[in-house]
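Novice: Chains as they are written, first to last, in this note's numbering: chain B, 1 to 278; chain U, 279 to 638.
Please find one structure pasted underneath; my questions will follow.
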Amino acid sequence: MRRRLLIGIALMFMTLFLAIPLLTVFAQALARGAAAYLAAITEPAALSAIKLTLTVAAISVPVNLVFGVAAAWAIAKFNFRGKSTLITLIDLPFAISPVIAGLMFILLFGTNGWFGGFLRTHHIHVVFAVPGIVLATIFVTFPFIARELIPVMQSQGNDDEETALSLGATGWQTFWRVTLPNIRWGLLYGVLLCNARAMGEFGAVSVVSGHVRGLTNTMPLHVEILYNDYNYTAAFAVASLLALLALLTLAGKSFLEWRQPELRRTGHARQRPKGGKR
Amino acid sequence: MSIELRGVSKQFGEFAAVENINLDVPTGTLMALLGPSGCGKTTLLRLIAGLEIPDEGQVLFDGQDATLWSVGERKVGFVFQNYALFRHMTVYENVAFGLKVKGRRERPTAAAIRSKVHSLLELVQLGWAHDRFPAQLSGGQRQRIALARAMAVDPQVLLLDEPFGALDSQVRHELRRWLRRLHDELHFTSIIVTHDQQEAIEVADTVAVLNRGHIEQTGIPGEIYDLPRSAFVHRFLGQVNELPVRVRDGRAYIGPLDIGAAAETLKGKGENIALIRPHEIEIGPPSANWPGTLVAVRVIGPIVRLEICADGQPIHEPLEAEISRERFEAERFSVGQKVGLRLRRWQVYERGTRPHNDTI
């Protein structure tokens with residue numbers, strides 16, 4: 001009885017705060033029919049926002065993939081001076097408000113910022129341009145992959161790597177054939193979360209983008225502008241696209257979670273490491 | 279391949295893991311590094327493997343200075359307690375790993391790799407498991423795969439870090455015998471780290487007992503057991519009874535009781551201890567000059583352990599004595615019975631010359 005009550009409360013809460021708002025987005029988006037919906041997401045400003053969002057994600061996710069793996073590797077496998085500082089620094093983007101993150105980049109690269117003069121003389125545009133948006137996104141999404149990997153790598157220890165080295169493998173061979181396969185599920189999970197945030201980031205990007213329609217507007221910024229123009233249908237149409245991307249990401253995540261225990265139990269690896277069959 | 283350590287020291291922060299270690303492992307021997315946890319035995323093994331670099335001293339392989347050689351260059355097989363099998367690879371791929379990562383010039387042909395892996399799997403009696411994943415095998419089987427994988431690259435030296443520590447005692451016993459046979463057939467030099475004195479005595483040609491980063495004693499198993507050079511080794515190599523003794527004019531006394539001659543060289547009169555193994559205490563009729571009372575009896579397979587409160591001994595620390603099952607059944611000892619004690623053998627140590635170790 002008590003269990004049913006608990007499940008009931010949880011379900012009601014979820015419906016009220018998650019499912020209904022999500023449904024509203026799609027309902028509003030399609031309120032004026034499919035034609036209006038299509039028009040809203042294919043107009044040039046919307047297309048440019050979609051393109052920019054995908055570009056930003058396509059740059060920031062790989063960058064964070066490399067740095068996240070490197071940071072997690074350093075933290076999990078080595079002891080060095082300043083390690084705890086590094087762990088704290090990784091959490092910094094989570095700890096501070098994205099708006100402040102954006103402001104930091106303005107202070108660094110803005111016209112009156114530390115590097116403002118240097119950038120102006122060399123005609124490099126960072127703030128109110130695509131590079132600024134990419135930088136802010138990388139900053140905000142940095143912790144996802146590293147945070148996901150550190151516990152995985154720590155729990156696995158160094159034994160596998162040391163064994164590989166003692167069997168004559170080089171450092172690279174050890175990384176590609178032993179370390180990477182061992183962390184791949186955690187890595188994929190981190191990449192998915194990182195990607196979701198990279199596409200959805202609003203605060204930091206809003207500060208550095210300058211809201212130039214067709215140039216520096218990402219999808220979340222475009223949604224806000226449309227909304228402020230009382231153009232609800234178009235706003236929700238673009239928002240529904242974002243929501244769809246988020247849903248796809250979550251679906252990918254649950255698919256991974258559903259595959260993983262099965263993989264552990266039977267030990268069937270889907271991907272064999274390169275060179276496994278030669 | 280022979281291995282020598284010359285004055286090897288290694289520190290982790292403030293903690294001296296091993297200090298000034300000298301050790302010779304001649305070609306073809308199976309040596310056990312024995313000691314309690316934290317004594318530095320694993321560090322020593324990792325120093326030999328090249329997984330750690332010593333702060334001081336040299337590691338020699340066949341007389342050549344190998345101190346700065348990398349793990350790969352040393353060509354040692356290393357086996358971990360937790361097997362460290364690559365979980366995403368099949369048994370076959372695990373064993374083949376060391377062969378497949380070789381440079382193009384050294385790498386055997388695919389057919390040669392296949393036949394070598396299969397012959398190794400036969401050697402460890404796991405040919406049928408070649409397409410299984412590690413998660414599908416038992417602990418003992420996994421450890422055999424780890425051994426096969428280490429042997430695939432033809433190491434001159436096999437280093438085993440508590441290889442059977444995580445297995446139950448029956449499997450452990452079987453694997454020990456199997457490892458010994460394998461060693462005798464293949465003639466490589468092996469070093470096995472263990473905290474189990476029985477394992478060391480059963481499997482090794484030579485045992486080095488470590489304590490707090492130092493080697494206490496090195497020798498063949500029987501010698502270490504019978505002639506321990508320190509109280510630590512005496513305690514670590516098996517059950518002991520400890521009795522405070524007083525050495526006076528070349529005789530050792532427990533209270534007023536004269537138990538026999540003792541070396542004069544021992545210092546700290548009145549502060550000595552005698553260590554006696556359970557089977558070195560003789561139980562006789564109560565008429566003997568050292569009376570005691572039997573307080574507990576425990577039958578352990580072929581032997582019977584008796585706990586006896588001897589006069590002149592505090593009641594909460596009864597002595598442990600062992601007799602054979604046959605004798606126990608013939609003489610029908612029972613709890614509460616009065617008996618007479620005699621010490622067949624014992625050894626007197628200065629108390630406190632070596633710090634007592636908490637782990638034993």
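For every residue, glycine included, the Cβ atom is placed at its ideal position computed from N, Cα and C.
This structure is a prediction, so every number in the text was calculated from the model and none was measured.
Looking at the strands, I want to know which residues DSSP matches up with Cys-587 of chain U.
Specialist: Answer is U:Thr-571.
Novice: What residue does the beta strand (DSSP E) around His-492 of chain U start on, and which one ends it?
Specialist: Per DSSP, His-492 of chain U belongs to the beta strand (DSSP E) from 492-497.
Novice: So, are the CB atoms of Glu-477 of chain U and Ile-470 of chain U less than 9 Å apart?
Specialist: Yes; because the gap between Cβ atoms is below 9 Å, this pair is in contact.
Novice: With a threshold of 8 Å on Cβ separation, who are the neighbours of Gly-285 of chain U within its own chain once the five nearest residues in sequence on each side are excluded?
Specialist: Here the set comprises Asn-298, Ile-299, Asn-300, Glu-334, Gly-335 and Gln-336.
Novice: Within its chain, find whatever has a CB closer than 6 Å to the CB of Ser-280 of chain U; leave out the 5 residues flanking it on each side and keep chain order.
Specialist: Around Ser-280 of chain U: Pro-304, Thr-305 and Asp-340.
Novice: List, in order along the chain, the chain U residues whose C-beta lies closer than 7 Å to that of Leu-165 of chain B?
Specialist: Within chain U, the residues near Leu-165 of chain B are Val-349 and Gly-350.
Novice: With DSSP run on the structure shown, which of helix, strand or coil describes Val-238 of chain B?
Specialist: Correct three-state label for Val-238 of chain B: helix.
Novice: Does Val-357 of chain U come out as helix, strand or coil in the three-state DSSP assignment?
Specialist: Val-357 of chain U: strand per DSSP, three-state reduction.
Novice: Given this structure, state the Cα-to-Cα distance separating Leu-584 of chain U from Ala-599 of chain U, to the nearest angstrom.
Specialist: Their Cα atoms are separated by approximately 5 Å.
Novice: DSSP has Gln-625 of chain U in a bridge; who is on the other side?
Specialist: Note: Gln-625 of chain U sits in a beta bridge opposite U:Leu-553.
Novice: Step through the CB atoms of chain U and report whether any lies within less than 9 Å of the CB of Arg-302 of chain B.
Specialist: This structure cannot settle anything about residue 302 of chain B, because the visible part of chain B is limited to 1 through 278.
Novice: I want to know whether the stretch 135-146 of chain B touches the stretch 197-204 of chain B - three or more CB-CB distances under 8 Å.
Specialist: Judged by Cβ distances under 8 Å, the stretch 135-146 of chain B makes contact with the stretch 197-204 of chain B, as three or more pairs qualify.
Novice: Is there a C-beta anywhere in chain U that falls below 9 Å from the one on Glu-162 of chain B?
Specialist: Chain U, which has a Cβ nearer than 9 Å to the Cβ of Glu-162 of chain B, makes this yes.
Novice: For Arg-365 of chain U, decide whether its Cβ has a neighbour in chain B, counting only Cβ atoms nearer than 9 Å.
Specialist: With 9 Å as the cut-off, Arg-365 of chain U counts as an interface residue toward chain B.
Novice: Suppose you measure from the CA of Gly-116 of chain B to the CA of Val-130 of chain B; what does that come to, to the nearest Å?
Specialist: Those two C-alpha atoms are separated by around 16 Å.
Novice: Could you please tell me which residues of the stretch 322-333 of chain U, in chain order, have their CB closer than 9 Å to any CB of chain B?
Specialist: Cβ contacts with chain B come from Arg-324, Ala-327, Gly-328 and Leu-329.
Novice: Please confirm whether Lys-394 of chain U has its beta-carbon closer than 9 Å to some beta-carbon of chain B.
Specialist: Judged by the 9 Å Cβ criterion, Lys-394 of chain U is not in contact with chain B.
Novice: May I ask you to report which of helix, strand or coil DSSP gives Gly-110 of chain B?
Specialist: Three-state result, Gly-110 of chain B: coil.
Novice: Flag this pair as yes or no: are the beta carbons of Ala-482 of chain U and Ala-424 of chain U separated by less than 9 Å?
Specialist: Against a cut-off of 9 Å, the Cβ pair of Ala-424 of chain U and Ala-482 of chain U comes out as no contact.
Novice: Are the stretch 343-359 of chain U and the stretch 437-454 of chain U touching, with three or more C-beta to C-beta distances below 8 Å?
Specialist: These segments touch.
Novice: Could you check the C-alpha separation between Val-379 of chain U and Phe-255 of chain B for me, to the nearest Å?
Specialist: Each residue's alpha carbon lies about 33 Å from the other.
Novice: Please confirm whether Thr-179 of chain B and Trp-73 of chain B have their CB atoms less than 9 Å apart.
Specialist: In contact: Thr-179 of chain B and Trp-73 of chain B (Cβ atoms closer than 9 Å).
Novice: What are the residues that DSSP puts in a beta bridge with Gln-336 of chain U?
Specialist: Answer is U:Arg-284.
Novice: Is Val-402 of chain U close to chain B? Criterion is C-beta to C-beta, closer than 9 Å.
Specialist: No, no contact with chain B.
Novice: What does the alpha-carbon distance come out to for the pair Gly-8 of chain B and Leu-22 of chain B?
Specialist: One C-alpha to the other measures close to 20 Å.
Novice: Could you tell me the distance, in whole angstroms, from the CA atom of Pro-569 of chain U to the CA atom of Glu-560 of chain U?
Specialist: When rounded, the distance between both Cα atoms is 12 Å.
Novice: Going by beta-carbon coordinates alone, are Val-518 of chain U and Leu-553 of chain U separated by less than 9 Å?
Specialist: Yes, the Cβ-Cβ distance between Val-518 of chain U and Leu-553 of chain U is below 9 Å.
Novice: Taking Cβ-Cβ distances shorter than 8 Å, what residues in chain U pair up with Gln-154 of chain B?
Specialist: The premise fails here: Gln-154 of chain B is roughly 15 Å from chain U at the closest Cβ pair, so nothing lies under 8 Å.
Novice: Here's the rule I'm using: 16 or more other beta-carbon atoms within 10 Å means buried, otherwise exposed. How should Glu-494 of chain U be labelled?
Specialist: Glu-494 of chain U comes out buried.
Novice: Does the beta-carbon distance from Gly-417 of chain U to Ala-444 of chain U come in below 9 Å?
Specialist: Going by C-beta atoms, Gly-417 of chain U is nearer than 9 Å to Ala-444 of chain U.
Novice: Counting only the same chain and skipping the five closest in sequence on each side, list residues whose C-beta sits under 8 Å from that of Leu-188 of chain B.
Specialist: The residues are Leu-256.
Novice: If we count the other Cβ atoms within 10 Å of its Cβ and call it buried at 16 or more, is Ile-326 of chain U buried or exposed?
Specialist: Ile-326 of chain U comes out buried.
Novice: Under a CB-based cut-off of 9 Å, is Gln-28 of chain B close to chain U?
Specialist: False, the Cβ-Cβ gap to chain U never drops below 9 Å.
Novice: So Asn-112 of chain B contacts chain U; which residues on that side make the cut at Cβ distance below 7 Å?
Specialist: None at all; the shortest Cβ gap to chain U is about 47 Å.
Novice: Do the stretch 61-72 of chain B and the stretch 146-165 of chain B meet, that is, are 3 or more Cβ pairs less than 8 Å apart?
Specialist: The stretch 61-72 of chain B is in contact with the stretch 146-165 of chain B.
Novice: Given that a residue counts as buried once 16 or more other Cβ atoms are within 10 Å of its Cβ, and exposed if not, what is Lys-616 of chain U?
Specialist: Looking at its Cβ environment, which holds fewer than 16 other Cβ atoms inside 10 Å, Lys-616 of chain U is exposed.
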